Structure formats: C-alpha cells, structure tokens
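S.K.: Here it is, the structure, as structure tokens.
Numbering (the working numbering), first residue to last: 6 to 226.
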C-alpha cells in the first residue's frame, strides 16, 4: 500500500464519516466497523493509526466543534451593534439551534456516565465557563442592559444550571416540563437583574435542550 502523504486529509475524512454516523444512528450504536464501511476504502488498522478508539474520535469531534463555536462567539463579541444582553441572546440561540453543534453534544452525552469525564466537565462548568461569561455580564452592567449587582454569581449560575439542571440526561423532563424549568431559571435570573430569557428564547432553549440531551419531546406526542 502506498504511504499516506496526506494524513490530515485522512483524519478529516474519518471524522466526517463518524460525525455522519453519530448523527444518524447515535454514538452508542456506531462501531468502528460502521465507520470503515462508511468510508469504503480504509481498514480498521488505518483508522486506529489515526485514532486509538471510538472515544478518541468523538473527543476530536468535540474539539473541532469547540473551535467552530469559539470562532462564532468571537464574531458576536466583536459586534458593536449589539448590547451585551443582545449578544448573550444571540449566543444562546445559536447554541440551541446550530445543528452540527447540537448533534455533536447529543452524541457526547453518554460520556458523562463516566465519572472521570463527568468530573472533567464539572471543572469546565465551575471554573472555565464562568470566566468566559463574566466579562460579558460586566459589559452588560456597563451598558445598562444587564443591571445586576451579582455579575460573578450570575456567571456561575449560567455556567452550571444549563449544563446540569436543565439537561434531561440528568433530570428527565417532557417538553412542557422543560419550558417550565427554564422559566424558573429565567425568574431567578430576572430577580438578580440578568433578564436573558425572553419568551422566544425560553421556547427555543426548551426545544434545544430536549434535542441536545438526546431526549424525545415527550410533551408533543
């Protein structure tokens, strides 16, 4: 066999094929052999040369998605035509409706059953995300769109509750129950001067959360 002189092209093909399969049939129902069959011209050995496991493929897909989301977030943060509150709403709506992102996160949900993976995510939710949200909330305090006296506490609430309490993977819910739960979160945030969730965003977020966590919209059956 000729030496592969374009390993990055091969890695990208493997990732693209795996992403299609994860979206179509779910991460847990996709095997390395399925990915081999989807590609058609690579062996299992070739895939294992680039990725040590199916989990490693998913982790790389998450990293790739994170890079895309970071680019989008930066583009929103650099806009001068939006208040900080409006930027928050744009970012939230995007995270709930951008299909590649939603499906990758949905595929990743089973990884949270692993205690090591869950602990790593808790570190992100408790340490990393609040530091990303805080400057935007502080900008909202400055421009008057987020009149809160609790910017750091709000950043922590927005980092932890949507990623844990709102997730049906951890707290099962029907679609109406999810909308009610988000209205509860909105009420808490409103009370401390962080009015991020209007009625439209509550509806979008509820539907997104149900898909995000791989749960059917039971309330609509």
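Built from N, CA and C at the ideal position, the CB exists for glycine as well. What you are looking at is a predicted structure, and each value in this text was computed from that prediction instead of being measured.
Measuring CB atoms only, is the stretch 90-102 touching the stretch 206-217, in the sense that at least three cross pairs come out at less than 8 Å?
M.R.: Yes, the stretch 90-102 touches the stretch 206-217.
S.K.: On a CA-only basis, which of 168, 200, 176, 186 is nearest residue 156? Give me that one, please.
M.R.: Ranking the options by Cα distance to residue 156, first place goes to 200.
S.K.: Around the Cβ of residue 20, are there at least 16 other Cβ atoms within 10 angstroms (buried) or fewer (exposed)?
M.R.: By the 10 Å Cβ count, residue 20 comes out buried.
S.K.: Return the CA-CA distance between residue 81 and residue 178, expressed in angstroms with no decimal places.
M.R.: Roughly 31 Å between the two C-alpha positions.
S.K.: The alpha helix (DSSP H) spanning residue 78 covers which residue range?
M.R.: 59-82 is the extent of the alpha helix (DSSP H) around residue 78.
S.K.: Answer with buried or exposed for residue 8, where buried requires no fewer than 16 other C-beta atoms within 10 angstroms of its C-beta.
M.R.: The pLDDT assigned to residue 8 is 49, lower than 50, so where the model puts this residue is not dependable; a value taken from the coordinates is nonetheless given after this. With fewer than 16 other Cβ atoms within 10 Å, it is exposed.
S.K.: Helix, strand or coil for residue 167? Go by DSSP, reduced to three states.
M.R.: Residue 167 falls in the coil class under three-state DSSP.
S.K.: Measure how close the beta-carbons of residue 89 and residue 144 come, nearest whole angstrom, since I'm counting them as under 8 Å.
M.R.: With a Cβ gap of about 4 Å, residue 89 and residue 144 count as contacting.
S.K.: Leaving out the 5 sequence neighbours to the left and right, which residues in its chain are closer than 8 Å to residue 27 when beta-carbon positions are compared?
M.R.: Result list for residue 27: 35, 63, 66, 108, 109, 112, in chain order.
S.K.: If we ignore side chains and look at the alpha-carbon of each, how far apart do residue 285 and residue 23 end up?
M.R.: Since the first residue of the chain shown is 6 and the last is 226, residue 285 is not available in this structure.
S.K.: How about the stretch 70-81 and the stretch 179-186: do they share at least three Cβ pairs that are nearer than 8 Å?
M.R.: No: fewer than three Cβ pairs fall under 8 Å.
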